[in-house]
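Participant: Chains as they are written, first to last, in our numbering: chain F, 2 to 322; chain C, 2 to 322.
The structure's right below; bear with me while I get my questions together.
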């Protein structure tokens, strides 16, 4: 079954209720950083849901804790980017990603002195927490990090398009790092039942439909000058590179980060029109807690620099002489 | 289509890899508290997933942040119960539920003094955090709270049965508070594809099957003397009480906590064989941040006390003369 067009998708699915608020935040952020001539990266992160009921009790979800996106956002900040972190509600976030509520509670010492009670971080936890907290506070003080959250696939698309339209004026200084695990399938709004599906009426059959490929209008219409990186996650190694390369050829964007579900924290392949560049962490690096995202982001920042160096079209497409 | 039997479910779905570790933790916890004559409550919390692929990229999920279960666990601790908190991985947990990583980060002050760096909680946050931290530390120091986590519906059932079998010896002092949002439907193991579903082969149709009703063996075989409370969440008010009452009649357990998705934080109905008892928070109580779970748990603790007061069978079933 063919997927509907992207125009149709936006016509059928209304914007989320908090859409205008988020759009205002995005607008202020993009305009401020564009004015300073900053590079701006849009990092998308986490999985999208596909509601199976209007009063949503059940939904189809995509596996993603948001590790890749949250870690990458930190490294982009280190490289001086302004970061729009567009993430699944409750997925991992930059800086706090390694500190759950319980982990932080266990780091705290309570000195109960009535009205003069104090709470301090235990000395042996300070050296772990301090550098992360410092970077967190610096990013927020500089206004360099904006969080916007989505849950369903339609919320994601509305936010994505809005961010792109605002980033268009940033031209080649905009970078899109589309790490979110976006559903390929959905249930069109008019096929979704209003109430919770009842088990008494027998087990339901869910007919999924293809989600339109938003990368096509994104690359061609919304942010034509940006450096666009998409992600490809597979579980079958044989499909990985062919599918990454097919996506590049189809959408004409700049790079696909290809990775296998099972090894995604140790190995990725940066697929560009000219090359497949493999990044692999050694066992020692993995044990030392090195994030592969640090390496991925460094390489992409370099490629983005070259893209910007090409300047405004049409100088770039020419030979260097 | 009829659901398979619960025996069949356990025969087809192997135990999760960390099952024996969790079983050992449960065993130590139950035996220790049983020995002291403590009341033990099993609180289940959060939604279960139904994997759609063996290398799970996609799954069907049930809406549940775990608010109800996490809050209730705190109140059971206040009432002197030992609490097994069996929860969906990454769902809300007792005490930390109101403090995400980011919220805690924003409460922290960093005094950067090189090797003598300290991190303290800001004075205006201490009064919010201190009472919660105090109760958290007390519960852990007393060994009164055990966390065990599940993700898929089959992990949930394996843990549930193991906990029940261990709680059986606690007799009527055991309380089951089954607040988890367990899937009614699943895809049997032999129908699940190995690799990620490919959109190129067209949108998939997902044929769901009914999950066997575990409440039947739970009440009759696994913990016949325990006080068992189940939950019913609906989106259609007309179905709420009839379905709660039908469940009580079918499974012969003690209580159904019935609630509507839209109003579940302000209103529930405790449905017992004899009565429907409505609990409603006033608007002022909701604004003051009162947890409805405090009221629910108080009422259930009272009912559980009466159940225990009946003593070991057969004294209870007789008239008070």
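Every residue gets a Cβ at the ideal spot worked out from N, C-alpha and C, and that includes glycine.
Any beta carbon from chain C within less than 8 angstroms of residue 316 of chain F's own beta carbon?
Facilitator: Its pLDDT being 40, under 50, residue 316 of chain F is placed unreliably in this model, and the coordinates cannot settle the point.
Participant: Closest to residue 7 of chain F by C-alpha separation, out of F:246, F:60, F:283 and F:154, would be which residue?
Facilitator: The shortest CA-to-CA distance from residue 7 of chain F to any of F:246, F:60, F:283 and F:154 is the one to F:154.
Participant: Output, in chain order, the set of chain F residues within a Cβ distance shorter than 8 angstroms of residue 220 of chain C.
Facilitator: None at all; the shortest Cβ gap to chain F is about 18 angstroms.
Participant: Please list, in chain order, all residues of the same chain as residue 223 of chain C whose beta carbon is under 7 angstroms from its beta carbon, the five residues on each side excluded.
Facilitator: So the qualifying residues of the chain are 162, 165, 166 and 169.
Participant: Is the separation between the beta-carbon of residue 141 of chain F and that of residue 204 of chain C shorter than 8 angstroms?
Facilitator: No, Cβ-Cβ distance for residue 141 of chain F and residue 204 of chain C is not below 8 angstroms.
Participant: With DSSP as the reference, label residue 5 of chain F as helix, strand or coil.
Facilitator: Residue state, collapsed to three classes: coil.
Participant: What ranges does the beta strand (DSSP E) occupy inside the stretch 93–144 of chain F, keeping only unbroken runs of at least 3 residues that lie completely in it?
Facilitator: The stretch 93–144 of chain F contains these whole beta strand (DSSP E) runs: 109–112 and 119–122.
Participant: Please confirm whether residue 64 of chain C has its beta-carbon closer than 8 angstroms to some beta-carbon of chain F.
Facilitator: yes
Participant: Residues of chain C with CB closer than 9 angstroms to the CB of residue 94 of chain F, please, in chain order.
Facilitator: Under the 9 angstroms cutoff, chain C gives 101, 102 and 103.
Participant: Tell me where the alpha helix (DSSP H) around residue 279 of chain F begins and ends.
Facilitator: Element bounds for residue 279 of chain F: not the alpha helix (DSSP H) but the beta strand (DSSP E), 277–281.
Participant: Going by beta carbon distance, what residues of the same chain come within less than 6 angstroms of residue 94 of chain C, once the five residues before and after it are set aside?
Facilitator: Here the set comprises 71.
Participant: For a test of the three-state rule: what should DSSP assign to residue 208 of chain F, helix, strand or coil?
Facilitator: strand
Participant: My output table needs one value for residue 20 of chain C: the three-state DSSP class, helix, strand or coil.
Facilitator: helix
Participant: For a quick check, are the C-beta atoms of residue 257 of chain C and residue 248 of chain C less than 8 angstroms apart?
Facilitator: yes
Participant: Determine the burial state of residue 294 of chain F: buried for a count of at least 16 other Cβ atoms within 10 Å of its Cβ, exposed for fewer.
Facilitator: buried
Participant: Please list the segments of the beta strand (DSSP E) lying wholly inside the stretch 207–241 of chain C, counting only runs of 3 or more residues, in order along the chain.
Facilitator: 228–235
Participant: Excluding sequence positions up to five away, which residues of its chain have a Cβ less than 6 angstroms from the Cβ of residue 82 of chain C?
Facilitator: Annotation for residue 82 of chain C: 40 and 42 place their beta carbon closer than 6 angstroms to its own, counting only its chain and skipping 5 residues before and after.
Participant: Near residue 1 of chain F, what residues of its chain come up, given a Cβ to Cβ distance below 7 angstroms and the 5 sequence neighbours on each side ignored?
Facilitator: Missing from the structure shown is residue 1 of chain F; chain F here goes from 2 to 322 and no further.
Participant: Looking only at its own chain, which residues have a Cβ that is under 6 angstroms from the Cβ of residue 316 of chain C, when we skip the five neighbours before and after it?
Facilitator: In this predicted model, residue 316 of chain C has a pLDDT of only 40, less than 50, meaning its place in the structure is not dependable; the value taken from the coordinates is given anyway. Contacts found: none.
Participant: Between residue 196 of chain C and chain F, is the shortest Cβ-Cβ distance under 8 angstroms, so that the two count as touching?
Facilitator: yes
Participant: Who are the near neighbours of residue 182 of chain C in its chain, counting only those whose CB is closer than 6 angstroms to its CB and skipping five residues on each side?
Facilitator: Apart from sequence neighbours up to five positions away, the residues of its chain that approach residue 182 of chain C with a beta-carbon distance below 6 angstroms are 48, 63 and 65, ordered along the chain.
Participant: Contact defined as beta carbons within less than 8 angstroms: I believe residue 111 of chain F pairs with residue 112 of chain C. What is the distance between those atoms, to the nearest angstrom?
Facilitator: Residue 111 of chain F to residue 112 of chain C, Cβ: 18 angstroms. No contact.
Participant: Report the rounded CA-to-CA distance for residue 176 of chain F versus residue 270 of chain C, giving the unit in angstroms.
Facilitator: 52 angstroms
Participant: Assign residue 58 of chain F to one of three DSSP states: helix, strand, or coil.
Facilitator: Three-state result, residue 58 of chain F: coil.
Participant: Terminal residues of the continuous beta strand (DSSP E) containing residue 259 of chain C?
Facilitator: In this chain, the beta strand (DSSP E) harbouring residue 259 of chain C covers 256–261.
Participant: Going along chain C, which residues have a C-beta under 9 angstroms from residue 1 of chain F?
Facilitator: Only positions 2 to 322 of chain F appear in the structure, and residue 1 of chain F is not among them; the question remains open.
Participant: For the stretch 242–267 of chain F, enumerate the residues whose C-beta is nearer than 8 angstroms to any C-beta of chain C, in chain order.
Facilitator: Listed by position along the chain: 262 and 263.
Participant: Evaluate residue 137 of chain F with the Cβ neighbour count: other Cβ atoms within 10 Å of its Cβ, from every protein chain shown; 16 or more gives buried, anything less gives exposed.
Facilitator: buried
Participant: Roughly how many angstroms lie between the CA atoms of residue 131 of chain C and residue 143 of chain F, to the nearest whole one?
Facilitator: 30 angstroms
Participant: Specify, as a first and last residue, the run of the alpha helix (DSSP H) that residue 74 of chain C falls within.
Facilitator: 68–79
Participant: Throw me the rounded Cβ distance for the residue 261 of chain F and residue 54 of chain F pair, which I believe falls under 8 angstroms.
Facilitator: Their Cβ separation, rounded to whole angstroms, is 33 angstroms, which puts residue 261 of chain F and residue 54 of chain F out of contact at 8 angstroms.
Participant: Would you kindly check if the distance between the Cβ of residue 102 of chain F and the Cβ of residue 97 of chain C is under 8 angstroms?
Facilitator: yes
Participant: Terminal residues of the continuous alpha helix (DSSP H) containing residue 155 of chain F?
Facilitator: Membership of residue 155 of chain F in the alpha helix (DSSP H) is indicated by the continuous run 154–168.
Participant: Using DSSP bridges, identify the partner residues of residue 46 of chain C.
Facilitator: C:88
Participant: Which residues does DSSP pair with residue 268 of chain C in a beta bridge?
Facilitator: In DSSP, residue 268 of chain C forms a bridge with C:281.
Participant: Is it buried or exposed, residue 275 of chain F, if we count other Cβ atoms within 10 angstroms and call 16 or more buried?
Facilitator: exposed
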